Amino acid sequence: MSLTSFIKGSQEYRDLIRQNLAKPKFNAGSMRAEPKTLNYGLVGTAFDYLLRFKIERENKCETTPWIASRLEHYPLEEKIIFEARSLLSKYLKTGKMTDALMESALKLATIDNVVRSGQGADQIGIVDPLDLVDLSNLYGLIDAGKFKSKQFCYLNPTFGMALELVNGADADLIIDDALIDIKTTIKPDFTRPYFEQLIGYYLLHVIDCEHRNVPVSIQKLGIYFSRHGCLFLMTVADLIDESKLPSIVSAFRDLLLISIPRELTDDEKAKKAAILKIKAKEKAKAARKERNELDKATIAAFEQLKPQWVEQWNIARKAGERAIEENPNIEINDLIKIIDEKINEFLVSIHGVLVHLLRFWYKQSASRVARNIVSQHKKSHLLKA
């Protein structure tokens with residue numbers, strides 16, 4: 199399960215972030231590069247490649263293998279990747295962006311789509327010329343100065359040992375102390391899902407740093423809105439109360455341990471069992487509290503209805519007595535039915551949980567009362583005889 203899938207499927211994680219962090223508001227302004235086709239995701243992935251190419255040209259960067267390279271053992275994919283590497287090598291030397299390299303980025307994006315979704319194999323290598331125009335416009339908006347590093351630069355960082363907790367968490371880039379994600383979207387707003395994803399990356403970074411016993415290096419989080427040519431940066435210290443960070447990281451790690459299917463170590467299994475046990479106790483406690491509140495409400499409601507209940511019950515009993523006087527040979531089931539009809543006249547006038555409780559009690563009691571009426575009727579006639 200990737201970090202993105204985890205966030206989408208974990209309400210507990212989203213609640214954790216909502217309760218402990220305030221999402222800043224931000225709007226990237228007017229769109230400066232409108233899409234030319236409906237291939238939004240494909241162009242977005244291709245631009246991720248292009249921006250990383252640009253940053254690699256401007257900085258000395260550490261890189262990880264391209265996502266597309268996971269399918270490099272297939273002939274078509276191998277050809278596309280080889281060509282892209284050759285064109286990238288020329289670009290890194292000359293700094294001249296070419297249509298051929300942009301087309302290669304789009305072809306790499308078609309492979310990425312197959313790697314990530316398992317679909318679209320028949321579209322590998324197919325490029326719409328209008329998407330090339332779109333990419334060229336997006337590339338033209340890049341302000342290289344915004345992505346110039348002073349110390350170090352990582353492309354597609356994967357958070358080291360923290361990857362043991364997730365099967366896929368590759369951010370776009372880290373420049374000095376800023377982790378930046380690229381969004382090629384027509385919408386200018388900094389949304390909650392963007393925020394939750396950035397915080398997820400940051401928490402994975404903290405977990406990795408703890409494992410390596412090194413200081414946390416990321417101090418800023420950001421989104422580059424590529425269609426708006428706008429970089430939005432936030433300072434972590436303004437987002438997270440430092441005193442709360444250890445508990446947030448611990449809760450995040452626990453949620454990953456519980457939610458992600460994989461073979462756990464014995465220590466992790468014991469910890470997971472302990473967490474589930476605590477959650478079960480909390481759930482049982484909440485259920486008991488709810489039942490107690492329901493019982494109190496039911497008792498209070500019953501007390502209010504008690505006079506009507508006694509009156510209606512007497513009416514039902516008298517109806518049964520009249521029926522047996524009129525027909526001493528009446529079947530017991532028919533007698534129960536008569537009593538039930540009178541009971542229902544009362545039950546249909548009340549609502550809520552109480553009606554279900556009373557209906558159950560009345561149904562059980564009607565049979566006993568009917569038999570009691572029959573028994574008393576027989577005794578009465580024996581005495582008269």
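Note that the sequence shown covers residues 199 to 583 in our numbering.
Even glycine gets a Cβ: it sits at the ideal position worked out from N, Cα and C.
Since this is a predicted model, take the numbers as computed values, not measurements.
| Query | Result |
| --- | --- |
| Residue span of the alpha helix (DSSP H) that contains Asp297, given as start and end | Asp297 to Ser315 |
| Cα-Cα separation between Val170 and Asp332, rounded to whole angstroms | Past the edges of the chain, shown from 199 to 583, lies residue 170, and the structure says nothing about it. |
| Close-in-space but distant-in-sequence residues of the same chain around Gly239 (CB under 6 Å, 5 per side omitted) | none |
| Through-space distance from Glu281 to Ser287, alpha-carbon basis | 10 Å |
| Where Leu249 falls: helix, strand or coil (DSSP) | helix |
| Nearest neighbour of Ala600, chosen from Met295, Thr292, Ala449 and Gly323 [CA to CA] | One cannot answer for residue 600 here, as it falls past the ends of the chain, which runs 199 to 583. |
| Beta-carbon contacts of Ser228 that lie in its chain and below 8 Å, excluding the five residues immediately before and after | Pro386 and His426 |
| First through last residue of the beta strand (DSSP E) which encompasses Ile421 | Lys418 to Phe423 |
| Cβ-Cβ distance between Asn218 and Lys346 below 8 Å | no |
| Of the residues Ser573, Ala376 and Asn225, the one placed nearest Glu529, counting alpha carbons only | Ser573 |
| Residues near Lys344 by beta carbon distance below 6 Å, same chain, minus five either side | Leu429 |
| Leu474 versus Ile456, Leu274 and Ala342, residue with shortest Cα-Cα distance | Ile456 |
| Distance between beta carbons of Ser424 and Leu339, contact taken as under 8 Å | 7 Å |
| Lys344 in three-state terms, based on DSSP | helix |
| Coil, strand or helix - Arg216 by DSSP | helix |
| Among Ala360, Lys540, Trp507 and Asp375, the one whose alpha carbon lies nearest that of Asp452 | Ala360 |
| One or two residues paired with Ala376 in a DSSP bridge | Ile373 and Lys418 |
| Residue closest to Leu248, alpha-carbon to alpha-carbon, out of Thr382, Asp213, Ala303 and Pro263 | Ala303 |
| 8 Å contact criterion, which Ile416 and Leu377 should meet: CB distance rounded | 5 Å |
| Expected contact under 8 Å - CB spacing of Ile309 and Ala266 to nearest Å | 4 Å |
| Euclidean distance between Cα positions of Asp626 and Val241 | This structure cannot settle anything about residue 626, because the visible part of the chain is limited to 199 through 583. |
| Sub-8 Å separation of Leu290 and Arg250 beta-carbons | no |
| Own chain partners of Leu330 with C-beta closer than 8 Å, once the 5 adjacent residues on each side are dropped | Asp297, Met300, Glu301 and Leu304 |
| Cβ distance (whole Å) where Phe388 is taken to contact Ile438 below 8 Å | Contact flag wrong, Cβ pair sits at about 17 Å. |
| Buried versus exposed call for Thr235 [16 or more other C-beta atoms within 10 Å across all chains shown] | exposed |
| For Thr261, the residue or residues it bridges with in DSSP | Leu353 |
| Between the CA atoms of Val508 and Val551 - distance to the nearest angstrom | The pLDDT assigned to Val551 is 47, lower than 50, so where the model puts this residue is not dependable, and the model offers no usable value. |
| Strand pairing of Asn490, partner residues [DSSP] | Answer is none; Asn490 lacks a bridge partner. |
| Environment of Ser284 [buried if 16+ CB atoms lie within 10 Å] | exposed |
| Thr292 - DSSP class collapsed to helix/strand/coil | helix |
| Ala367 and Asp379 closer than 8 Å at C-beta | no |
| Chain-order list of residues whose beta-carbon lies under 6 Å from that of Asn354 (same chain, five-residue window excluded) | Thr262 and Asp368 |
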